[in-house]
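See below for the structure under consideration.
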Amino acid sequence: MKDFSGKLAVVTGGGSGMGQELARQLVIQGCDVAICDVNQENMQQTIKICEAEGPQGIRITAHQCDVSNEQQVLRFKDEVIQQHDRDHINLLFNNAGIGGFFSFIKDTREEWEKTFNICWYGVYYCSRAFVPLLIASDEGHIINTSSINGFWASLGPDSTHTAYSAAKFAVKGFTEALINDFRLNAPHVKVSVVMPGHIGTSILDNTRTIMGAGDADSVDADRISELRQSLASKDANAANATDDEIRALLQKRADSFRDNAPTSAAQAAADIISGVQQDRWRILLGDDARALDRLVRETPEEAYEAAFYDRWGSEGGWK
Ligand SMILES: NC(=O)c1ccc[n+]([C@@H]2O[C@H](COP(=O)([O-])OP(=O)(O)OC[C@H]3O[C@@H](n4cnc5c(N)ncnc54)[C@H](O)[C@@H]3O)[C@@H](O)[C@H]2O)c1
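Taking my numbering, the leading residue of the sequence shown gets 185, the next gets one more, and so forth.
This is the structure in structure tokens:
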């Protein structure tokens with residue numbers, strides 16, 4: 185798909201980060217957009233930006249929807265058809281997601297499954313709901329956001345990451361298998377999987393809110409104590425840090441993740457859109473993602489060893 189003018193795109197997680205940027209850049213190119221999110225306030229911000237920057241006559245709609253809830257996803261689909269007065273869509277960006285460092289062994293089943301359900305079932309339910317509308321178009325494209333954790337199941341030697349990695353591997357496998365499924369059964373619909381490296385967004389803050397921990401100031405005492413223990417294993421001074429100091433550190437990390445990333449959300453969205461225009465099924469975002477992809481292919485058996493983390497640090501710029 186080279187030209188987005190007059191097309192209709194659905195973007196999940198459109199209230200923030202890459203989803204907000206996708207909406208903004210698509211609208212600028214003349215595309216109508218329907219976004220969904222769990223955060224109403226952020227969606228209104230996206231609408232404001234799109235209305236200010238998009239050409240006259242563009243339709244951008246916001247829909248409150250938790251993508252891990254199939255009933256809400258079906259309601260979202262009905263609202264899109266009705267409010268955009270169309271019987272098809274052209275683009276589906278399954279972008280909504282949260283982070284999550286959850287351990288299969290230590291963390292609660294609820295925490296683990298919440299991350300898995302948003303990151304995997306969100307993609308699955310939205311695909312079930314919207315793929316018939318893509319097939320009903322003359323020209324369609326489904327773009328599913330996985331991660332570098334869709335081909336490398338780690339955040340480094342000191343972190344657990346099982347729920348997110350399991351979900352992102354699932355998204356990648358599903359999307360790659362869809363390539364042939366569409367070729368055989370609906371060849372006018374194209375497929376892409378997006379694998380971002382570190383992108384500067386508020387995903388850490390948003391994840392904390394969605395997991396019910398509120399802002400950094402309201403993280404509960406148990407969590408603070410766990411964080412203190414984990415920090416103390418690397419830095420003995422952290423054992424004496426007060427609750428407020430740990431909370432401040434959490435906020436500093438979230439801010440730094442957003443502000444010191446090698447790739448901005450705007451650049452990431454531009455690369456996704458250009459990947460769609462070039463009909464690339466495999467879209468790696470950022471030099472860090474490309475370096476990791478190469479390293480994992482070169483030395484797959486080493487991928488979870490200390491020397492590999494060091495190599496990615498020196499060759500991929502990973503901190
Ligand atoms: N930022 C990164 O470094 C990075 C790296 C790899 C992959 N990703 C993936 O990219 C995608 C976009 O992330 P981002 O960095 O722009 O984060 P973000 O937090 O800025 O945006 C994600 C949006 O999804 C929304 N969302 C979360 N759960 C939802 C749900 N259940 N239903 C509907 N909306 C929901 C959030 O409210 C938020 O607005 C995610 O799938 C994420 O896993 C991000």
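Don't be surprised by glycine CBs; every beta carbon is placed ideally from N, CA and C.
All of these numbers come straight from a predicted model, not from anything done at the bench.
With contacts defined by Cβ atoms closer than 8 Å, isoleucine 302 and alanine 370 do not form a contacting pair. For arginine 466, the beta-bridge partners assigned by DSSP are Val377.
Within the DSSP bridge table, the entry for alanine 246 names Ile219 as partners. Ranked by Cα distance from phenylalanine 353, the first of Ser458, Val307, Gly384 is Val307. Approximately 17 Å separates the beta-carbon atoms of asparagine 390 and isoleucine 233; this is outside 8 Å, ruling out the contact. Look at threonine 447 here: in three-state DSSP terms it is strand. Secondary structure of glycine 324 (DSSP, three-state): strand. Excluding five sequence positions before and after arginine 495, the CB atoms of its chain that fall closer than 7 Å to its own CB belong to Leu479, given in chain order.
Burial of threonine 299 is indicated by the presence of at least 16 other C-beta atoms within 10 angstroms of its C-beta.
The distance from the Cβ of glycine 334 to that of valine 355 is about 6 Å, consistent with a contact at the 8 Å cut-off.
Look at asparagine 274 here: in three-state DSSP terms it is coil, with no helix or strand label.
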